[in-house]
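What follows is a single structure, written as structure tokens, with notes after it.
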Amino acid sequence: MDTFWSLTEKGIVRTAKQTFLDTIEMAGNHIAAIVTYGVDEKGRLKLARELCYPQLRVRPRNTYGTLHAYHGENERQVFWVDGKTVEECPEKFQFDGVLCSVSTDSTHTLSITRWMFPCVNVSAYMEHTVVKNISCHICKVSTAAVCRTEYVQGAAGAYKIEVISSPVNVELAPGASFENDLCFSARLHTELFAAPDGAKELAIRQSLVHQLCDGSLIFDCPDRELVQFFRLAKLRAAESIFDTVEGPLHSPGGGPYYAAVWTNDQAEYAGPFFPFMGYERANKASLNAYRLFARFMSPDMNPIPSSIIDEGRDFWAGAGDRGDAAMYLYGCARYLLSMGDASLAKELFWTVKWAADYCLSRRMENGIITSDSDELEGRLPSGNANLSTSSLAYAGLMSASVLAKDLQEIELAEQWMNDATTLRTDIENFFGAHISGFDTYRYYEGNDVLRSWICLPLTMGIYERKKGTVNALLSEKLFRDDGELSIEGDNIFWDRSTLYSFRGILNAGESDKVYPYMQRYIHRRLLGAHVPYAVEAFPEGNQRHLSAESALFCRIVTEGLCGMMPVGLHRISLQPSVPSSLGWLKVSRICACSSCFDVEIVCKESGYQVSVTYADGQVQDAFVLFGDSLIISL
């Protein structure tokens with residue numbers, strides 16, 4: 000497997016020894032930056048930016064209405080040394096939450112270090128550059144002022160897109176240096192704007208990176224690639240939150256998807272994870288998403304929309320009912336349990352009940368829940384009833400039952416538990432099938448080839464066909480270097496199904512079997528040709544760094560390796576599934592169920608030695624047999 004990057008203490012680094020081109024997405028509260036960077040055939044720096052401004056809408060009531068500004072090679076700060084144009088030749092690139100290039104000129108007179116990042120609280124993207132004389136003689140270095148302005152018509156009026164920097168003309172003694180900022184911004188043309196200080200903005204960005212990567216939910220184990228990938232996944236999962244008229248909203252990103260929420264990405268994928276991070280802005284963004292969907296829950300049981308767009312002003316339902324209520328039911332119930340806030344749970348409990356009622360009202364005579372499509376929105380066949388919708392509804396009913404019990408809704412709790420038990424049997428009877436040589440599941444009636452979403456029953460705690468499903472997911476019919484194929488016999492892959500598969504196989508107790516596949520995947524995403532995050536899909540989107548996929552990876556650690564699942568507003572079940580070759584792991588400053596605690600798990604011959612350290616310093620030690628669980632009361 001090709002390796003292009005190496006690990007550093009806080010990130011990754013790549014030496015610029017060959018031609019390459021890659022993209023990475025970073026986000027602040029008012030801007031997302033998709034940066035294309037690399038080295039051309041002559042060893043020179045290549046750099047372009049696609050900047051997205053979620054609050055600046057060019058088309059109202061449109062998913063793709065975010066203002067995009069494209070800045071290419073010609074919009075780079077150019078330096079001259081002793082009157083000659085400097086050609087930047089990168090020696091290395093590094094990423095630790097900030098993208099950085101370290102270059103020299105062709106005569107090795109200057110070192111040019113560029114830090115590239117979106118501002119956290121300002122609607123701007125910065126390139127903060129330090130130019131240093133690395134020769135043994137005095138040289139004259141200069142750069143011209145940059146002031147490029149463009150006006151674009153938008154939904155709220157005219158927008159001003161601006162690129163600015165200050166001129167420099169200095170004599171540099173050997174070892175001396177100077178700083179220069181290139182600032183890209185956009186705003187309403189009537190708004191005043193003062194270019195921020197690049198060094199200060201860099202420090203603010205680095206502080207946010209430290210908070211998200213190392214401030215809480217700190218994961219450690221002997222596998223350094225796994226640890227680093229998890230650190231950076233937390234950053235990507237939690238940075239893609241944008242200020243809107245409805246408050247902070249988590250959004251997928253990737254170029255098209257901003258200032259909007261989806262029932263899969265936000266309600267199902269990210270929402271149940273964020274409470275474990277203890278990042279208040281992310282928890283608030285999830286709450287805002289659940290509240291937005293609640294507005295569309297009508298008494299006449301019309302389906303909720305798949306996404307709410309344009310800062311909450313409109314919605315999109317172009318794929319019909321994708322099983323969106325099941326996604327909401329599963330995600331919101333898990334979010335409320337993980338938050339551990341009884342008043343919040345009481346506020347949103349009616350939405351959980353609505354989603355449960357909706358799902359149950361869509362049952363066919365065989366008990367399976369119908370939907371027009373699934374989260375792939377008709378890209379691949381899904382019939383009129385698919386495994387995804389029913390599996391999500393099953394797990395959602397289970398969590399809703401637990402929530403109802405804690406809120407003293409005893410009759411509902413029992414009813415939902417019975418509904419879930421019946422649905423589990425119906426899933427086995429309807430979807431259970433022999434496909435491509437494996438005793439696993441068909442995805443819909445008439446499906447006769449393997450689909451990667453057969454992993455979902457495992458992830459939702461349904462293990463009747465564990466052996467055949469695990470073998471099918473890890474077989475050459477589905478698993479490739481990029482993870483799970485979406486459908487047997489094609490080249491399409493969506494990382495979300497790979498990430499669900501890893502978690503499901505861990506939940507099924509097959510940690511030793513799946514761990515080599517996890518290592519293969521992590522190495523490719525972290526140190527391969529396109530880094531350092533989980534991606535959306537290929538060929539569609541060309542592997543965009545959507546945010547919620549990184550949240551799904553984080554859940555492989557919390558819910559997969561550690562087996563943490565809320566079973567009450569103040570209780571978490573811990574069912575470890577740690578590969579024996581890994582040996583041990585530790586997660587510190589876990590924020591869930593209104594508390595904070597640490598967990599350490601050590602592999603033993605017949606199970607795991609588990610140590611839980613609570614917020615008050617008390618320690619609970621227990622031995623957990625393989626397949627068993629430990630209840631943590633908080």
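Going by numbering that gives the first Met the number 0, the final residue of the sequence shown carries number 633, and the count climbs one at a time with no gaps. Ideal Cβ positions, reconstructed from N, Cα and C, are used throughout, including at glycine. This one's a predicted model, so the numbers in the text were calculated from it and none came from an experiment.
- When beta bridges are read from the DSSP output, G567 appears opposite R570.
- In the three-state DSSP reduction, S400 falls in the helix class (H, G or I).
- Distance from the CA atom of C561 to the CA atom of S215, rounded to whole angstroms, is 16 angstroms.
- H29 is bridged by DSSP to nothing; it lacks a bridge partner.
- Closest by C-alpha distance to V226, out of G10, Y289 and G377, is G10.
- Closest option to E539, judged by alpha-carbon separation, among A157, E444, F492 and A419: F492.
- Here P515 is exposed: its Cβ has fewer than 16 other Cβ atoms, across all protein chains shown, within 10 Å.
- Bridge partners of H70 according to DSSP: R48.
- Take K139, set aside five residues on each side of it, and the residues of its chain with a beta-carbon closer than 6 angstroms to its own are D81 and E170, in chain order.
- Approximately 5 angstroms separates the beta-carbon atoms of V119 and I203; this is inside 8 angstroms, confirming the contact.
- CA-CA distance, T612 to D597, rounds to 5 angstroms.
- Taking Y520 as reference, the option from W315, F228, P304 and L211 with the minimal CA-CA separation is F228.
- Rounded to the nearest angstrom, the gap between the Cα atoms of L46 and A123 is 17 angstroms.
- The continuous alpha helix (DSSP H) containing K345 extends over residues A341 to S360.
- Annotation: the continuous beta strand (DSSP E) that includes V609 extends over G606 to T612.
- DSSP places T142 within a strand segment (E or B) once states are collapsed to three.
- Judged by DSSP in its simplified three-state form, I163 adopts strand.
- Per the coordinates, the alpha-carbon of N470 lies some 7 angstroms from the alpha-carbon of F437.
- Cβ-Cβ distances below 6 angstroms link E599 to K585 and S610 in the same chain, with the five nearest sequence neighbours on each side left out; the list follows chain order.
- A237 and V513 have their alpha carbons spaced roughly 27 angstroms apart.
- Per DSSP, reduced to three states, the secondary structure at V85 is coil, with no helix or strand assignment.
- Beyond the five residues adjoining it in sequence on each side, Y63 comes within less than 8 angstroms, by CB distance, of P255 in the same chain, given in chain order.
- Around the Cβ of N301, a 10 Å sphere holds fewer than 16 other Cβ atoms; the residue is exposed.
- In terms of Cβ geometry, V208 and G96 form a close pair [threshold 7 angstroms].
- The alpha-carbon separation between H522 and H136 amounts to approximately 44 angstroms.
- Taking 7 angstroms as the cut-off, the beta carbon of A258 is found closer than this to the beta carbon of E310.
- Rounded to the nearest whole angstrom, the C-alpha separation of T458 and T421 is 18 angstroms.
- CA-CA distance, A355 to L20, rounds to 47 angstroms.
- When the beta-carbon positions are compared, C590 and G339 stay at least 7 angstroms from each other.
- In the structure shown, the three-state DSSP call for I631 is strand.
- When the alpha-carbon of R75 is set against those of R113, K466 and Y52, the nearest one is in R113.
- According to the DSSP assignment, D242 belongs to the beta strand (DSSP E) that extends over I240 to T243.
- Going by DSSP, R588 is part of the beta strand (DSSP E) stretching over W583 to A591.
- If the five residues before and after E149 are omitted, its C-beta is found closer than 7 angstroms to the C-beta atoms of I160, all from its own chain and listed in chain order.
- A distance below 6 angstroms between beta-carbons, with the five flanking residues on each side excluded, links P247 to the following residues of its chain, in chain order: I240, R280, K283 and A284.
- Between the alpha carbons of D313 and R60 lies a gap of roughly 6 angstroms.
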